[in-house]
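Participant: Here's a structure for you.
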Amino acid sequence: MRLAMIGTGYVGLVSGACFAEFGHDVVCVDIDPGKIEKLKKGVIPIYEPDLDDLVTRNHAAGRLNFTQDLKAGIADCDCVFICVGTPPRPEDGHADLKYVYQAAKDIAGAMGRYTVIVDKSTVPVGTAREVDAIVKAENPAAEWDVVSNPEFLREGAAIEDFMEPDRVVIGADSERARSVMRQLYAPLSDKGVPILMTGRESAEVIKYATNAFLATKVTFINEMADLCEKVGGNVEDVARGLGLDDRIGPRFLRAGPGYGGSCFPKDTMALVKTAEMVGSPTWIVDAVVKKNDARKRQMAHRVGEICGGSVKGKTIAVLGLTFKPDTDDMRESPSIDIVDELQSNGATVRAYDPEGTDQAKAVIKGAEFCSSAMDALTGADAAVLVTEWAEFEDLDFDVVKSVMKAANFVDLRNVFSPANMQAAGFNYLSIGRPAAAK
Ligand code: UDX
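Each residue of the sequence shown is one higher than the one before, counting from 313 in the numbering used here.
Put into structure tokens, the structure is as follows:
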């Protein structure tokens with residue numbers, strides 16, 4: 313099949329490369345000439361494990377191409393995917409659809425034959441209908457269908473999530489479109505992956521409901537962690553006990569500093585806004601958004617606590633800045649609020665991240681960016697681990713203790729064992745666990 317991806321950001325590039333791997337003929341279109349030229353040379357604009365290899369291999373095989381020319385790119389395509397950004401609007405946090413609507417107009421003017429236009433970007437409920445209306449107004453004589461096919465790609469595991477998904481969700485209102493989509497995903501359905509066919513609105517709701525549910529699960533375990541701290545429980549035991557119940561499941565029950573990233577914060581907010589607009593408010597998701605926002609900043613208070621009440625005049629080493637490991641993405645990362653709060657309370661921050669330093673410099677001001685964890689820890693009064701990068705597990709705490717001014721460690725991801733940290737001579741605070749294992 314011939315496919316075009318409009319937008320070569322995270323979703324467009326990963327999906328395009330994976331569809332090419334299935335054997336489809338894929339062209340990725342972007343308005344940014346620099347990006348297209350780089351991609352042609354195999355330079356990948358984002359950090360995602362194994363993506364460079366996948367792109368280079370499929371480009372070399374002639375199945376994955378890049379162009380700025382939207383008209384030529386989509387003239388003879390079976391499916392055109394809208395993969396442009398839907399950033400939150402500054403005025404109210406709802407998803408801004410201007411790029412989606414522009415893509416719909418551009419596609420309408422360039423379609424050569426029956427085309428399935430696929431909303432892959434995360435868009436509010438009703439967008440597929442709106443895209444349909446735009447195409448109709450622009451080119452009523454054309455033959456097309458608009459389908460909603462949300463992505464469920466985690467950063468850092470996007471290729472695995474695309475190639476081995478729990479399910480593929482397709483919201484379509486015509487049998488002709490459903491048949492094209494079935495053919496497109498045949499390499500997955502042949503492997504036994506469930507392909508769920510729904511109406512378009514349901515598919516749009518499934519995307520938001522999935523992310524909102526997972527964000528709720530994370531926020532719920534974070535609340536249980538707070539409770540454990542007050543009553544002397546251990547949140548890891550609680551999470552295990554919850555997760556062993558099949559109806560709940562063990563995933564997304566790691567307590568931490570609050571969720572971040574490009575999806576959970578934006579999608580929960582957009583869901584709240586959509587629900588408000590249609591007069592069906594989502595109280596639960598609204599509470600999750602508020603609770604998570606407050607939590608990030610509260611995490612800085614733990615650092616004050618371990619420093620004897622205040623971070624004023626102290627040097628704090630911040631380990632890990634990205635919203636999670638294996639990405640360079642800083643969007644809505646808890647580190648932004650934590651560093652800001654530490655600085656507002658009079659601390660000097662020395663920060664280190666294995667991959668995200670360049671992105672971090674754009675959003676974290678006034679911190680000193682270090683080239684290694686040891687460098688950041690040298691001379692620090694306390695350390696706070698914000699992102700659980702694997703390399704931090706190898707820290708040699710004898711050396712850490714010798715370079716720090718004081719042996720104070722706050723572990724916001726429960727990477728280390730309280731007993732080991734105590735044995736190593738550290739004052740150690742983590743999330744929802746007693747100071748030393750009982
Ligand atoms: C998420 C969804 O998982 C994915 O399906 C969707 O399409 C995009 O949004 P992503 O944002 O890449 O993916 O990250 P994810 O791994 O889901 O983590 C989101 C946030 O929740 C991170 O800040 C992470 O640290 C946090 N989290 C996750 C926890 O604090 N505890 C957990 O148990 C799981």
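No residue lacks a Cβ here, since even glycine has one placed at the ideal position from N, Cα and C. Remember, predicted model here, so these are calculated numbers, not experimental data.
Are there 16 or more other CB atoms within 10 angstroms of the CB of Pro646, so buried, or fewer, so exposed?
Facilitator: It is buried - the Cβ of Pro646 has at least 16 other Cβ atoms within 10 Å.
Participant: Between the Cα of Asp388 and the Cα atoms of Ala449, Ile471, Arg314, which residue gives the shortest distance?
Facilitator: If we check each option's Cα against that of Asp388, Arg314 comes out closest.
Participant: Can you find a C-beta in chain D that's less than 8 Å from the C-beta of Ala692?
Facilitator: The chain inventory of the structure shown lacks chain D, comprising one protein chain alone.
Participant: I'd like the list of long-range same chain contacts for Met475, defined as Cβ closer than 7 Å, with 5 residues on each side in sequence excluded.
Facilitator: Answer for Met475: Cys330, listed in chain order.
Participant: Taking all protein chains shown into account, do 16 or more other C-beta atoms lie within 10 angstroms of the C-beta of Lys750, making it buried, or fewer, making it exposed?
Facilitator: At Lys750 the pLDDT is 45, less than 50, meaning the model places this residue with poor confidence; the figure from the coordinates comes in the next sentence. Lys750 comes out exposed.
Participant: Leaving aside the five residues before and after Asp638 along the sequence, list all residues of the same chain whose C-beta is less than 7 Å from its C-beta, in chain order.
Facilitator: Pro361, Gly468.
Participant: Distance, Cα to Cα, Val505 vs Glu472?
Facilitator: Straight-line Cα distance between these residues: approximately 13 Å.
Participant: So, with DSSP's three-state summary, where would you put Arg512?
Facilitator: If DSSP states are grouped into helix, strand and coil, Arg512 belongs with the helices.
Participant: Do three or more CB pairs link the region 423–437 to the region 577–592 at distances below 8 Å?
Facilitator: Touching, per the Cβ criterion.
Participant: Confirm the yes/no value for this check: CB of Asn732, any heavy atom of the ligand UDX, distance under 7 Å.
Facilitator: No.
Participant: Of the choices Ile560, Glu403, Gly397, whose alpha-carbon is the least far from that of Lys410?
Facilitator: Closest by alpha carbon: Gly397.
Participant: Could you give the DSSP three-state label for Ala749: helix, strand or coil?
Facilitator: Because Ala749 sits at a pLDDT of 48, beneath the cut-off of 50, its placement in the model cannot be relied upon, and the following sentence gives the value as read from the coordinates. Note: Ala749 maps to coil in three-state DSSP.
Participant: Just verifying my parser: in three-state terms, what is the DSSP assignment at Asp723?
Facilitator: Correct three-state label for Asp723: strand.
Participant: For Leu351, name the three-state secondary structure that DSSP assigns.
Facilitator: It is helical.
Participant: Terminal residues of the continuous alpha helix (DSSP H) containing Val615?
Facilitator: 595–618 is the extent of the alpha helix (DSSP H) around Val615.
Participant: Tell me the residue span of the alpha helix (DSSP H) that contains Ile310.
Facilitator: The structure shown does not extend to residue 310, since the chain is modelled only from 313 to 750, so the question has no answer here.
Participant: Are there any heavy atoms of the ligand ADP lying less than 7 Å away from the beta-carbon of Lys636, as far as the coordinates show?
Facilitator: By its list of ligands, the structure shown excludes the ligand ADP, since it contains just the ligand UDX.
Participant: The beta strand (DSSP E) with Val458 in it runs from where to where?
Facilitator: Unbroken beta strand (DSSP E) run through Val458: 456–460.
Participant: If Ala332 and Val338 are in contact, beta carbons under 8 Å, what's the gap, nearest whole angstrom?
Facilitator: With 8 Å as the limit, Ala332 and Val338 qualify as a contact, their Cβ atoms being about 4 Å apart.
Participant: Among Leu633, Val597, Arg566, Arg643, which one has its Cα closest to the Cα of Ala663?
Facilitator: Checking every option, the nearest Cα to that of Ala663 belongs to Leu633.
Participant: If you compare alpha carbons, which of Tyr497, Phe464, Leu508, Val492 is closest to Gly483?
Facilitator: Comparing Cα positions, the closest option is Leu508.
Participant: How should Ala372 be labelled, buried or exposed, when 16 other C-beta atoms within 10 angstroms of its C-beta is the threshold for buried?
Facilitator: Ala372 comes out exposed.
Participant: Check each candidate in Met686, Ser683, Gln610 and name the one with the smallest Cα separation from Glu653.
Facilitator: The shortest C-alpha separation from Glu653 is found at Gln610.
Participant: Since Val458 contacts Ala440 with CB under 8 Å, what's their CB separation in whole angstroms?
Facilitator: At roughly 5 Å, the Cβ-Cβ gap stays under 8 Å, so Val458 and Ala440 are in contact.
Participant: Locate the beta strand (DSSP E) running through Tyr740, then write down its first and last residues.
Facilitator: Tyr740 -> beta strand (DSSP E) spans 739–741.
Participant: Between the region 711–721 and the region 685–696, do at least 3 Cβ pairs fall closer than 8 Å?
Facilitator: Yes, they touch.
Participant: Got a sec? Which residues, its chain only, sit under 6 Å from Ala736 by beta carbon, not counting five neighbours each side?
Facilitator: Answer for Ala736: Phe709, listed in chain order.
Participant: Once you ignore the five residues that flank Ser327 on each side, which residues in its own chain have a CB closer than 7 Å to its CB?
Facilitator: Cβ within range, chain order: Met317, Phe393, Cys395, Lys432, Glu463, Phe474.
Participant: For a test of the three-state rule: what should DSSP assign to Thr690, helix, strand or coil?
Facilitator: Thr690: coil per DSSP, three-state reduction.
Participant: Please state the DSSP three-state secondary structure of Phe378.
Facilitator: Residue state, collapsed to three classes: strand.
Participant: Which class does Pro400 belong to by DSSP, given the choice of helix, strand or coil?
Facilitator: It is a strand residue.
Participant: Mind checking whether Tyr426 and Trp456 have CB atoms under 8 Å apart?
Facilitator: Contact flag set, yes.
Participant: Output the distance between the C-alpha atoms of Ser729 and Asp706, rounded to the nearest integer angstrom.
Facilitator: Computed Cα separation, rounded: 13 Å.
Participant: Kindly identify the DSSP beta-bridge partner or partners of Phe393.
Facilitator: The partner list for Phe393 (beta bridge, DSSP) reads Met317, Val430.
Participant: Nearer than 7 Å: is that true of the beta carbon of Leu554 relative to any heavy atom of the ligand UDX?
Facilitator: Checking every heavy atom of the ligand UDX against the Cβ of Leu554, none is found closer than 7 Å.
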